[in-house]
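> Input: one structure, supplied below.
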Amino acid sequence: MLMISPRMASAMQEKQYTPSLLSFFIYNPTFGPREGEEEKKILFYHPSDIEKNEKIRNVGLCEAIVQTFCPTKPAKSLHTQKNRQFFFEPEDNFWIVMVVRNPMIEKPNKDGKPPTIEYQEEEILDTVYGAVVRQCYSMYKLFNGTFGRAMEAGGVELLTQKLEKFFYRAMSAAACFMISASVELTRDFCEQLDGLVGPQLTLLASDICEQFTINRRISGPEKEPQFKFIYFNHMNLAEKSTIHMRKTASVCLTSVHPDLMKILGDINCDFARVDEDEEIIVKAMTDYWVVGKKSDQRELYVILNQKNANLIEVNEEVKRLCATQFNNIFFLD
Numbered sequence: 001m002l003m004i005s006p007r008m009a010s011a012m013q014e015k016q017y018t019p020s021l022l023s024f025f026i027y028n029p030t031f032g033p034r035e036g037e038e039e040k041k042i043l044f045y046h047p048s049d050i051e052k053n054e055k056i057r058n059v060g061l062c063e064a065i066v067q068t069f070c071p072t073k074p075a076k077s078l079h080t081q082k083n084r085q086f087f088f089e090p091e092d093n094f095w096i097v098m099v100v101r102n103p104m105i106e107k108p109n110k111d112g113k114p115p116t117i118e119y120q121e122e123e124i125l126d127t128v129y130g131a132v133v134r135q136c137y138s139m140y141k142l143f144n145g146t147f148g149r150a151m152e153a154g155g156v157e158l159l160t161q162k163l164e165k166f167f168y169r170a171m172s173a174a175a176c177f178m179i180s181a182s183v184e185l186t187r188d189f190c191e192q193l194d195g196l197v198g199p200q201l202t203l204l205a206s207d208i209c210e211q212f213t214i215n216r217r218i219s220g221p222e223k224e225p226q227f228k229f230i231y232f233n234h235m236n237l238a239e240k241s242t243i244h245m246r247k248t249a250s251v252c253l254t255s256v257h258p259d260l261m262k263i264l265g266d267i268n269c270d271f272a273r274v275d276e277d278e279e280i281i282v283k284a285m286t287d288y289w290v291v292g293k294k295s296d297q298r299e300l301y302v303i304l305n306q307k308n309a310n311l312i313e314v315n316e317e318v319k320r321l322c323a324t325q326f327n328n329i330f331f332l333d
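Note that the sequence shown covers residues 1 to 333 in the UniProt record's numbering.
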């Protein structure tokens with residue numbers, strides 16, 4: 001591999017690529033046991049425009065990995081230089097697989113040589129992307145029931161239809177409305193609902209955008225807050241966050257640097273390994289402070305923008321945050 005000196009690297013522009021979804025598919029190995037019937041195993045595949053033989057090859061590879069390396073316990077992930085594969089078996093013989101390309105840095109070379117690619121495979125956390133796969137199934141189950149229920153009602157054909165409609169349509173929707181099971185969903189009902197809700201949502205979105213623009217003009221340029229936090233309670237699933245904010249073309253909110261998000265993920269992994277209450281404080285390379293507190297099934301993660309603070313000052317700042325934002329929640333010191 002061609003090495004580039006720091007001086008040369010600074011003179012040439014590097015390109016950074018974030019993780020991206022390569023494929024997402026669901027299969028059942030019992031549906032096509034004989035040669036020539038491999039396509040019957042595939043219940044859903046994204047992207048759908050992939051050539052059939054490539055779909056069969058990718059599913060067959062995952063099937064071989066699961067059977068060869070994990071015969072007694074379920075497979076979770078496979079690490080390679082270029083990508084990461086995540087496996088989840090929510091029901092017997094039904095497998096959900098997600099393949100993510102690892103983030104990478106492309107460094108240009110002189111003399112017209114191909115650029116040097118450096119894959120950052122350690123930047124992807126299994127716990128985060130594994131949770132995404134499980135959440136996909138949980139959302140499907142919430143609206144459609146289990147895979148087995150669809151099989152009992154209409155066989156493979158009904159299941160594939162439900163998967164196509166849900167993952168391509170429902171998951172990309174901005175909002176989902178809950179309707180009583182006793183209501184008959186006729187075309188007339190849907191048209192009435194659209195006529196009632198649609199115009200009001202359009203006006204509401206326009207008003208919100210207008211007010212935000214006015215307030216932003218009055219308050220001036222947005223400054224990064226002194227701290228950001230995530231709180232989660234495993235007992236009642238309560239959560240509170242100043243990090244997970246939407247970013248659109250008209251609304252640009254400050255986001256958390258990927259390095260800090262990775263530190264948050266690492267702290268969460270440490271908390272998952274032990275049952276005792278604990279606290280972890282980390283100073284990032286960017287001089288940010290990252291604090292994690294675990295107390296009685298409650299977890300709090302704080303990012304502090306105080307580069308010149310010491311450990312004692314950071315600890316006091318977190319205590320003040322807990323007193324103001326979580327005054328009715330008990331955290332062990």
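All residues carry an ideal CB built from backbone N, CA and C; glycine is no exception.
1. Can you give me the C-alpha to C-alpha distance between residue 122 and residue 65, rounded to a whole angstrom?
2. Who are residue 230's beta bridge partners in DSSP?
3. How far does the beta strand (DSSP E) with residue 43 in it reach, from first residue to last?
4. Taking the alpha-carbon positions, what's the residue 99 to residue 230 distance?
5. Cα separation between residue 146 and residue 73?
6. Counting Cβ pairs, one atom from each stretch, are 3 or more of them under 8 Å apart for the region 101-108 and the region 11-21?
7. Which of the three DSSP states, helix, strand or coil, is assigned to residue 84?
8. In three-state terms, what does DSSP make of residue 127?
9. Quickly, what does DSSP pair residue 23 with across the bridge? List them, please.
10. Which residues in the same chain have their Cβ closer than 7 Å to the Cβ of residue 90, if we skip the five residues on either side of it in sequence?
11. In three-state terms, what does DSSP make of residue 104?
12. Check each candidate in 68, 94 and 199 and name the one with the smallest Cα separation from residue 32.
13. Who are the Cβ neighbours of residue 164 in its own chain at under 8 Å, not counting the five residues just before and after it?
14. Taking the continuous beta strand (DSSP E) assigned at residue 280, which residues delimit it?
15. Excluding the five sequence neighbours on either side, which residues of its own chain have a C-beta within less than 6 Å of the C-beta of residue 294, listed in chain order?
16. Buried or exposed for residue 10, going by 16 or more other Cβ atoms inside 10 Å?
17. Using only the alpha-carbon positions, how far apart do residue 148 and residue 39 sit?
18. Leaving out five residues on either side along the sequence, give the residues of the same chain with a beta carbon under 6 Å from the beta carbon of residue 234.
19. Taking the alpha-carbon positions, what's the residue 144 to residue 124 distance?
20. Distance check for residue 21 and residue 202, CA to CA, integer angstroms please.
Considering the structure as presented:
1. 21 Å
2. DSSP lists 241 and 301 as partners of residue 230.
3. 42-46
4. 27 Å
5. 22 Å
6. yes
7. strand
8. Of the three classes helix, strand and coil, the one that applies to residue 127 here is helix, per DSSP.
9. Under DSSP, residue 23 takes part in a beta bridge, and its partners are 99.
10. 96 and 137
11. strand
12. Nearest option by C-alpha distance: 94.
13. Cβ within range, chain order: 44.
14. 278-283
15. Result list for residue 294: 271, 277 and 278, in chain order.
16. In this prediction, residue 10 has a pLDDT of 45, which is less than 50 and means its spatial position is unreliable; nothing more can be read from the coordinates.
17. 20 Å
18. Excluding sequence neighbours, residue 234 sits near 297.
19. 30 Å
20. Taking the straight line from one Cα to the other gives about 31 Å.
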